[in-house]
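Asker: Would you mind keeping the following structure in view while I ask a few things?
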Amino acid sequence: MSFSHLNVWAVARPFAVLWAVLSLSGCGDVLTDVKKELVSQQQSNEKQLTTDEEKLAHLISRYWSFRLEISPMSASYMGRPDILDVDDMSPLAVSERQVYSEMFTNRALEINRENLSDESKLNLDIVRYQIENYASYFKYQQHLMPLTSEYGFHSQLISYLSRQVISDQAKAEQYLAALSKVRLYMAQQTDWLKIGINRGVTQPQEVMQGFEASIEAYITQLPQDHVLYQPLAQLPDSINAEQQQHIQSKAKALIKYEINPAYEQFYDFFVNTYLPSARQTIGVSEIPRGSEFYQDRVHYFTTQPMTVEEVHQLGLSEVARIRAEMQQIIDQLEFEGSFADFLLYLRTDPQFYATTPEQLLNVASRIAKRADAQLPKFFKTLPRRPYGVEPVPEAIAPKYTTGRYVPPHNETDAGYYWVNTYALDKRPLYVLQSLTLHEAVPGHHLQGALSSEQKNLPDFRSHSYISAFGEGWGLYSEYLGLEMGFYRGPYDNFGRLTYEMWRALRLVVDTGIHAKGWTRQQAIDYMAENSALSMHNIQTEVDRYITWPGQALSYKVGELTIKRLRAKAERELGEHFDIREFHDEVLRHGSIPLNALETQIDAFIQHHMPRPKNT
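Position in the sequence shown counted from 1, then plus 67, gives you my numbering.
Structure (structure tokens):
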């Protein structure tokens, strides 16, 4: 069999189909021949690229185009809001992604970093980081487990489609076409969950109890009440009345006969099949190749060559330091009782809690506006895009984290700071300053908006997110609140320490669960003993760490790195240190690995170092 006519980049989809068919049919020898031909074609293409700079530019262009093509549901967050479609999760499509992840990995490794400019070296580091993670997704079979305790493919799909802006008839037709693919998408994802059950790759049963409520929330009696109908509820005047009626009628029919049944089927599957079959253990080390996968996640989410034990010990050290600072505030307040008594007081006294969702949102909004006013003192460059403050959607609020930043979906959308207004007696006001500074400004909105607005950054950097950098910046932003005039009272400052403790506890709890055999209750107790977080928040957070291994490690490792680099710049530059210049340097490169950030700050220090005067 000859494959000499194949072009590796131009005929990806036919090749992926062939790959999948051969894999499923067990034609090992033929498959080996195809792999050899792929290598040959790669080498042939390489002959046209004479320098490593050219090879890198070619790789980045092809990789980014591929990412946009295979996941239209992610494209709007990657600078292409004009793309509207539903992801294909068929076995053939997934096979294609696996083939390409291996291909991109090999091509990235073939580029000689020493032959690149400084900026290209940074580009290579970032694209390698992205490609390696993409390859790990399939290597460790994570496509078989597309659920976490607080989110899933079913709610991601709803979020993506419901935020579409229908500007004209062509967009409306695109939207209807996407709605017509919902049922197939749900069936495809359910099939992967079934394979996951057979292979022992599932989320733990213990933490998925009640998850079915997030499915049931998207089943409505009347089609016009469905969240997916809302983008079509008020169509633009450019669409005539007859066409409007046709579009809306078709949408209602799709919701009634396709989408609602798809969610009902998924609900039944989850309750009657998935949950009873889910694994009884909670640590990811218990799934096939789980320990190897967890170390991979440690590297990915910290961007550092840290071992699990190093992360665990760092967490224990930080917990001890922060606990001592918390005790100082308790002593300052002359509180009569133990540390545990003080935490109980904070968790139960009504003075620390809002009584209505509107009150909680209003307090968060006032804090956000106070932070807005302080930004020019600390930042030379500010983003153009605004942000809003909204409640977490009701459908996901019960098992959702206390707050989160949601980036813009398209060019006409703002960013949003979500505040969880479910169970108000579990949402203490004394942590709201830290939460707001982290999720809105100067945290995620400021960093994300600046990154997307940087004209000199390639798309694969301006629209990507590295957790150690982004979450490290978010936690650093909480600390920066001290200098911005926040935390003026002892309770607010204790709230700040509670949130810093929360991130330190994550280092201990996450590694404890996934590498040291901790139980869920052991993790809950450890967090309850060392922070003033509400018990509801602690339970939902522990479930999040269990179902999202390693992500919780990003915050503290990133924050400590940024604070260390700032201290280094202050020490070496002395009176020449400018906080606004420093923050611009940290943020102007977009989201980057921490070792790359260190390289940039070292160059920043050298550039701003005063030169000796000629004598």
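Glycine is no exception: its CB is placed at the ideal position from the N, C-alpha and C atoms.
Here the structure is a predicted model, which means the values were calculated and not measured.
On a CA-only basis, which of G277, I264, E325, T269 is nearest A245? Give me that one, please.
Answerer: For the purposes of this step, residue 245 is taken as the residue at position 178 of the sequence shown. Of the candidates G277, I264, E325, T269, the one whose C-alpha sits nearest the C-alpha of A245 is E325.
Asker: Please name the residue in S222, A318, Q223 whose C-alpha comes closest to that of L243.
Answerer: The residue you call residue 243 lines up with position 176 of the sequence shown. For the residues S222, A318, Q223, the minimum Cα distance to L243 belongs to A318.
Asker: DSSP state of V684, grouped into three classes?
Answerer: No answer is possible for residue 684: it lies beyond the span of the chain, which begins at 68 and ends at 682.
Asker: Leaving aside the five residues before and after R616 along the sequence, list all residues of the same chain whose C-beta is less than 6 Å from its C-beta, in chain order.
Answerer: Translated into the one-based positions of the sequence shown, residue 616 becomes position 549. Here the sequence assigns Pro to residue 616, which means Arg is not the residue at that position. For P616, where only same-chain residues beyond five positions count, the Cβ hits under 6 Å are V351, Y361, R364, H581.
Asker: Taking only three categories from DSSP, how would you classify Y532?
Answerer: To locate residue 532, count along the sequence shown from 1; it is residue 465. Coil.
Asker: Here's the rule I'm using: 16 or more other beta-carbon atoms within 10 Å means buried, otherwise exposed. How should M602 be labelled?
Answerer: As a position in the sequence shown, residue 602 is number 535, starting the count at 1. Classification of M602: exposed, given that the 10 Å Cβ count is below 16.
Asker: Whole angstroms are fine: how far does the CA of S534 sit from the CA of E626?
Answerer: Residue mapping note: residue 626 aligns to position 559 of the sequence shown, counting from 1. Residue mapping note: residue 534 aligns to position 467 of the sequence shown, counting from 1. Between the C-alpha atoms of E626 and S534 there is a straight-line separation of about 11 Å.
Asker: K419 to L496, Cα distance in whole Å?
Answerer: Start at 1 with the first residue of the sequence shown, and residue 419 comes out as number 352. Start at 1 with the first residue of the sequence shown, and residue 496 comes out as number 429. Per the sequence presented here, residue 419 reads as Phe, with Lys not at that position. For F419 and L496, the distance between alpha carbons rounds to 5 Å.
Asker: Kindly indicate which three-state DSSP category P495 falls into: helix, strand or coil?
Answerer: Translated into positions along the sequence shown, residue 495 becomes position 428. P495: strand per DSSP, three-state reduction.
Asker: Quick one: grab the DSSP three-state call for P660.
Answerer: The residue given as residue 660 occupies position 593 in the sequence shown. Coil at P660, not helix or strand.
Asker: Which first and last residues belong to the beta strand (DSSP E) in which V486 is found?
Answerer: One-based indexing of the sequence shown puts residue 486 at position 419. Looking at the DSSP string, the run of the beta strand (DSSP E) that includes V486 is 482–486.
Asker: Going straight from the alpha carbon of D349 to that of Y532, what length do you get?
Answerer: By 1-based counting over the sequence shown, the position of residue 349 is 282. By 1-based counting over the sequence shown, the position of residue 532 is 465. First, the residue type needs correcting, since residue 349 is Ile and not Asp in the sequence shown. Roughly 27 Å separates the two Cα atoms.
Asker: Secondary structure at L321, three-state DSSP: helix, strand or coil?
Answerer: The count along the sequence shown starts at 1 and reaches residue 321 at position 254. Correct three-state label for L321: helix.
Asker: Taking the DSSP output, what are the residues bridged to R471?
Answerer: Start at 1 with the first residue of the sequence shown, and residue 471 comes out as number 404. Answer by DSSP bridge pairing, in chain order: W485.
Asker: Which residue marks the beginning of the beta strand (DSSP E) containing E457, and which one marks its end?
Answerer: Translated into positions along the sequence shown, residue 457 becomes position 390. Residues 454–458.
Asker: Candidates A300, D292, E377: which alpha carbon is nearest N23's?
Answerer: No answer is possible for residue 23: the residues shown for the chain start at 68 and end at 682.
Asker: Distance, Cα to Cα, E376 vs Q288?
Answerer: Here residue 376 refers to the residue found at position 309 of the sequence shown. Here residue 288 refers to the residue found at position 221 of the sequence shown. C-alpha separation (whole angstroms): 52 Å.
Asker: In this structure, what does DSSP give as the bridge partners for G219?
Answerer: Position 152 of the sequence shown, counting from 1, holds the residue named residue 219. DSSP lists L214 as partners of G219.
Asker: By how many angstroms is the C-alpha of I178 removed from the C-alpha of G556?
Answerer: The residue given as residue 556 occupies position 489 in the sequence shown. The residue given as residue 178 occupies position 111 in the sequence shown. One C-alpha to the other measures close to 54 Å.
Asker: R346 bridges to which residues according to DSSP?
Answerer: Position 279 of the sequence shown holds residue 346. Paired residue(s): P271.
Asker: Which value, in whole angstroms, describes the spacing of the CA atoms of L228 and L295?
Answerer: To locate residue 228, count along the sequence shown from 1; it is residue 161. To locate residue 295, count along the sequence shown from 1; it is residue 228. Rounded to the nearest angstrom, the two C-alpha atoms are 7 Å apart.
Asker: Which residue wins for smallest C-alpha separation from Q270, given the options A308, Y285, P213?
Answerer: Numbered from 1 along the sequence shown, position 203 holds the residue referred to as residue 270. Looking at the Cα atoms, P213 is the closest of the given residues.
Asker: From what residue to what residue does the alpha helix (DSSP H) around Q399 run?
Answerer: Numbered from its first residue, the sequence shown carries residue 399 at position 332. Element bounds for Q399: 375–399.
Asker: Taking DSSP as the reference, what is the three-state secondary structure of Y420?
Answerer: To locate residue 420, count along the sequence shown from 1; it is residue 353. Of the three classes helix, strand and coil, the one that applies to Y420 here is strand, per DSSP.
Asker: Just how far apart, CA to CA, sit F446 and Y472?
Answerer: Residue mapping note: residue 446 aligns to position 379 of the sequence shown, counting from 1. Residue mapping note: residue 472 aligns to position 405 of the sequence shown, counting from 1. When rounded, the distance between both Cα atoms is 20 Å.
Asker: Looking only at its own chain, which residues have a Cβ that is under 8 Å from the Cβ of E506, when we skip the five neighbours before and after it?
Answerer: Position 439 of the sequence shown, counted from the start, is the residue given in the question as residue 506. Result list for E506: G470, R471, Y472, Y484, W485, H512, G541, in chain order.
Asker: With contact counted as at least three CB pairs below 8 Å, one residue from each stretch, are the stretch 591–600 and the stretch 566–582 in contact?
Answerer: As far as the Cβ criterion goes, the stretch 591–600 touches the stretch 566–582, which means the pair count is three or higher.
Asker: Select from F333, K238, R346, G277 the residue whose C-alpha is nearest the C-alpha of L299.
Answerer: Here residue 299 corresponds to residue number 232 of the sequence shown, with the count starting at 1. Nearest option by C-alpha distance: K238.
Asker: On the three-pair Cβ rule with 8 Å, is the stretch 298–313 touching the stretch 196–210?
Answerer: Contact between the stretch 298–313 and the stretch 196–210 is absent: fewer than 3 CB-CB pairs across the two stretches fall below 8 Å.
Asker: Report buried or exposed for H643, applying the criterion of at least 16 other Cβ atoms within 10 angstroms of its Cβ.
Answerer: Residue mapping note: residue 643 aligns to position 576 of the sequence shown, counting from 1. With fewer than 16 other Cβ atoms within 10 Å, it is exposed.
Asker: Measure the alpha-carbon distance for T701 versus F333 and round it to whole angstroms.
Answerer: In the structure as shown, the chain begins at 68 and stops at 682. Residue 701 is therefore absent and cannot be evaluated.
Asker: So the candidates are G382, Y218, S305; which of them puts its Cα closest to the Cα of Q236?
Answerer: Here residue 236 refers to the residue found at position 169 when the sequence shown is read from its first residue. Looking at the Cα atoms, S305 is the closest of the given residues.
Asker: Taking a contact to mean a Cβ-Cβ separation below 8 Å, would you say A595 touches L491 in this structure?
Answerer: The residue given as residue 595 occupies position 528 in the sequence shown. The residue given as residue 491 occupies position 424 in the sequence shown. No.
Asker: For Y412, is the classification buried or exposed, using 16 other Cβ atoms within 10 angstroms of its Cβ as the cut-off for buried?
Answerer: Here residue 412 refers to the residue found at position 345 of the sequence shown. That one is exposed.
Asker: Could you have a look at L600 and say whether DSSP puts it in helix, strand or coil?
Answerer: Counting from 1 along the sequence shown, the entry for residue 600 is found at position 533. Note: L600 maps to coil in three-state DSSP.
Asker: So for H505, helix, strand or coil by DSSP?
Answerer: On the sequence shown, residue 505 is found 438 positions in, with the first residue counted as 1. Helix, per DSSP.
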